[in-house]
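The structure appears below as structure tokens.
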Amino acid sequence: MTSELFTLTITEARERLVKRELSAVELTRACLDRAAAIESRLNAFITLCPREAIEQAEVADRLIARGNCSSLTGIPLAIKDIFATRGVRTTCASKILEGFVPPYDATVIERLRAAGAIFLGKTNMDEFAMGSSTENSSFGPTRNPYDLRRVAGGSSGGSAAAVAADECIAALGTDTGGSIREPASFCGVVGLKPTYSRVSRYGVIAYASSLDQVGPFAKTVRDAAILLGEIAGVDPRDATCSARPVPDYEAALTGKVEGIRIGVPREFFVEGMQEDVGLAVRSAIKQFESQGCQVREISLPHTQYAVAAYYLIATAEASANLARYDGIRYGLRAEADNTLDLYNRTRDRGFGPEVKRRIMLGTFALSAGYYDAYYRKAQKVRTLIRQDFFRAFNDCDIILTPVAPTTAFELGEKIADPLQMYLSDIFTISVNLAGLPGLSVPCGYDRKGMPIGLQLIGPPFGEEIILRAGDAYERSGCVQRQPPPL
Amino acid sequence: MTSSSYEAVIGLEVHTHLMTRSKLFCGCSASFGSGPNENVCPVCLGMPGVLPVLNQYAVELALRVALATHSEVQTRSVFARKSYFYPDLPKGYQISQYELPLCKGGYIEIANGGESRRIRLVRIHMEEDAGKNLHEANYSLVDFNRSGVPLVEIVSEPDIRSAAEAGAYLRELRAILRYVGASEGRMEEGDFRCDVNVSVRRKGSDELGTKTEIKNLNSFRFVEKAITYEIGRQIELLEAGGRVTQETRLWDPNREETRPMRSKEFAHDYRYFPEPDLPPLEIDGQMLERVRAAMPELPAERRRRFQRDLGLGAYETAILTEDRAIADYFEALLNGGVIGSKTAANWTMTEVLRIVNETGKPLEEAVPPAAETRILLKMVQDGVVSLNAAKNAFSVMCKSGQPAAAVVARLGLAQVSDEAAIAAACDEVIAAESAKVAEYRAGRDKLFGFFVGQVMKAMGGKANPKVVNEILRQRLQS
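Protein sequences, first through last, are from chains A and B. The numbers in my numbering rise by one with no breaks, and the one at position 99 of the first sequence is 99. Add 486 to the 1-based position in the second sequence for my numbering, that's all there is to it.
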């Protein structure tokens, strides 16, 4: 099974492609065949693009033949259905975008296209990235490759599951409150949320603009570093995108972590955390110590307010971001006699319950008379949370926490209880509020065989150090990857 | 109590397009007159995932407006989302500025009668325009060409006290906008829009009465009429023991009255919050100095100079300075010191403005270059052509684009100053009109004009009137 082409990492595939031992068409076909075999069970993709993918692979093979290739030429990727892809329907897992085919590419898509990457298709997600389980998709939930009765996590559950189940070599997702890291953790793959502004958001359908960030899913930390290197960097179409030069992330993976100071926040080891998660994370801490890291306890005192602040800020921004889905210009339009009914019926039919809940919450938080008590207050909390982290980084180089308090839960287990669902992101949300980079690395399995994730948080633009630490941990071999039982 | 015991308190909110080539947040053309939805892209159509990027030239134009109105430019201002649903608003929110506008304070100086008054400004901020709905019988269409075109909103303090002052304020503001090249200020075309806040109170009172806001005002005349109407309406209401309701009212230009908007039309909670897609706008001293250095002379300075240095009156000055192009043209006529300021002023006010108004074209397209007009005026000064002939010549020059000398020659407009020829014509007239000559000599001085007319007629209107006068007077006296 491990000899199958679709199990290759970017690094392995790249080597064989360049040596011409393997063609991009063969590799792409292997991924497509794999997807064809297991998609009915997994539902990781909303749209598969086999014809386009093979065409792109043929082009990639010609580029490779001419020796004109980048690190991603010929590498089959899965793309979360939140990225605008020219000519390929883009749904954001919502009925309201029914029939929408963007006439433009997201900047990251444009860059990956230029790098010669192959796009296998668009992956499933929670509608408009609102959710932690990919159950809020109008295309049905994605199932966890390790246990089909369990969720893949969310909102980028499709991308995480596709990588875990080897339907692709790597994938793109977005992370607003944990939407890359939590599904990566649930599916046992690597997921990176870069520093806010590191990667362009142009063409990424907005959920919460001040929190959304694009990042890679991969089978190894090295692959995540390679993918980040291709998508990061200044974009004249995104005014919030940083002009800071993009370092060679792969070069940062020296394997040396000696002397790195690791902070472990006491607030993150909460009651109600699954026992196996705590054990796995503590054993990872020991591993880092054995590799020469200095581990110290730190405090992030405002952590307990993060979820509340997040659900005010994110929903406030979402309430405006989602106002454009009005049935006037594209997507779903309900029949109506007047404009007001047209809006009401279109939005009533087009949006799912969680999206409606968040639009209402955000609208309320911004309403006259409530703005100061909710939105403005939440922004103040955000500042305090950011200050917590900056203070902590005086005493440590990276921060280590679990990604989520539990492993993947069962389908339907939390969907009826939004507050329980919101708590799945309790360890990831404050990283978005502070705009920091966060890496999710597999750190073991629970007694039922479900993957557990370790979160490494860096200072702003500290991708190199968290990737270096994650890579060193991965290379230590303390965690043996167990392929999903598919 | 009569209306004279009340005073009006008026504040104006002006929206004006900035004359940029591209829109405020995307590269689409901001020009007018294209076919529906020709100047659109994913950004100004509000497609999913797109982001705004600020047009730096729009900021520069807004800064020119700020400097011209003595407004305080904020080193840091913040864009905000103003949310409401309307089919012409593609994102469901307008990107505007709210808590932290680009500029605060400032004033515009207006002349009302002989006295000059400062109307203070509250703020100036930048925002994007919406598209346009076109309603048909049983469907509506939306044209997004205007969506995302840059606007500045200029909000005055309630310092205005009459319809006339409001008119003076708007004219002065428009002149400033045109001078600094920020806006064309065409109200009828919709690129200069004005909402009015009006209240009344007893003279001497410091308290503000309840105000109404008037919308749908698309000419200066309507603004003045609407204010006059609204002041009258409010006073009448108060005098009858009633109360003014705070509301938005629409001007109905056909019935010449204001009427309340349906409450649904303005019961908005805009839910402003800072635009997360745009970083705060930072204006550093260097940028401000660069804009300041490139500022043209402003209308108020120019008016002072025209009156003080050129000896023009207030009326002439006002007309000549309202438009920068007109004032520039007038000054260009004075170049070389050949043409006097009165002559140049009269010619500009009558002939140049007549042609501009008749053709509806911008000045530089409507009339010949000032250098050519100067040659024509020099001909009048030298007696080569009469003033009337010069006016004809000017019209032809404007239409044909030919130089003054060529037009005068082609139309045979040059005057006859040859004394012998004129004397012969005078003699013929005197001989033919012996009865009238006798009357004149008996003291009917008024008949002199008649003789001049006859001579001119005999000479086909081309005789130099000065020479005709001289010779006739001489001959009639003898």
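Where is the CB? At the ideal position from N, CA and C, for every residue including glycine. Please read these numbers as outputs of a predicted model, since none were measured by experiment.
Is there a Cβ of chain A sitting closer than 8 Å to that of residue i, yes or no?
i	result
M487(B)	Annotation note: pLDDT 49 at M487(B) (below 50); position unreliable, coordinate value reported separately. With 8 Å as the cut-off, M487(B) does not count as an interface residue toward chain A.
P534(B)	yes
V569(B)	Position check: residue 569(B) holds Ser in this sequence, whereas Val was assumed. So, interface residue.
R729(B)	no
V709(B)	no
R791(B)	no
Y801(B)	no
V526(B)	no
Y579(B)	yes
P538(B)	yes
P576(B)	yes
V564(B)	no
R778(B)	no
For residue i, which residues of its own chain have a beta-carbon under 6 Å away from its beta-carbon, when the five flanking residues on both sides are left out?
i	result
L796(B)	S827
G494(A)	With chain A covering only 1 through 486, there is no way to say anything about residue 494(A).
T406(A)	Q274
Y343(A)	D326
I640(B)	V500, I610
P528(B)	V536
On the three-state DSSP scale, how would you describe residue i?
i	result
E971(B)	Outside the shown range of chain B (487 to 964) lies residue 971(B), about which nothing can therefore be said.
I169(A)	coil
N821(B)	helix
N878(B)	helix
M883(B)	helix
A890(B)	helix
D809(B)	coil
G477(A)	coil
I646(B)	strand
A597(B)	strand
E742(B)	coil
I262(A)	strand
N394(A)	coil
A218(A)	strand
N541(B)	coil
Examine the ligand PLP and report whether any of its heavy atoms sits within less than 7 Å of the Cβ of residue i.
i	result
E919(B)	Looking for the ligand PLP in the displayed structure turns up nothing, as the structure carries no ligands at all.
Which same chain residues, not among the five before or five after residue i, have their C-beta less than 7 Å away from its C-beta?
i	result
Y815(B)	T834, V838, L849, A856
L873(B)	V866
A712(B)	V682, I700, L703, W737, T744
R244(A)	F461
Please decide whether residue i counts as near chain B, where near means a Cβ-Cβ distance under 8 Å.
i	result
I205(A)	yes
A316(A)	yes
A106(A)	yes
P194(A)	no
L172(A)	no
T346(A)	no
Y374(A)	no
T240(A)	yes
T339(A)	yes
T176(A)	no
S40(A)	no
P460(A)	no
P141(A)	no
Going along the chain, which residues of its own chain have a beta-carbon closer than 8 Å to the beta-carbon of residue i, five neighbours each way excluded?
i	result
I594(B)	T555, R604, I605, L607, S642, Y655, E658, L659, I662
R927(B)	L962
I908(B)	V902, V941, M945, A949, N950, V953, V954, I957
L531(B)	P576, F630, S633
Provide the residue(s) that pair with residue i in DSSP beta bridges, ordered along the chain.
i	result
K590(B)	E558(B), R609(B)
G121(A)	L48(A), A78(A)
S242(A)	Per DSSP, none; premise fails for S242(A).
W455(B)	This structure does not reach residue 455(B), given that chain B is present from 487 up to 964, and the question cannot be answered.
Q583(B)	F565(B)
Point to revise | Complete runs of the beta strand (DSSP E) confined to the segment 282 to 347 of chain A [at least 3 residues] | key: 294 to 298
Review point. Quick one: complete alpha helix (DSSP H) runs, 4+ long, within the segment 5 to 46 of chain A?
Key: 10 to 18, 24 to 42
**Study point:** Within the segment 405 to 455 of chain A, ranges of the beta strand (DSSP E) (whole runs, at least 3 residues)
**Key:** 438 to 445
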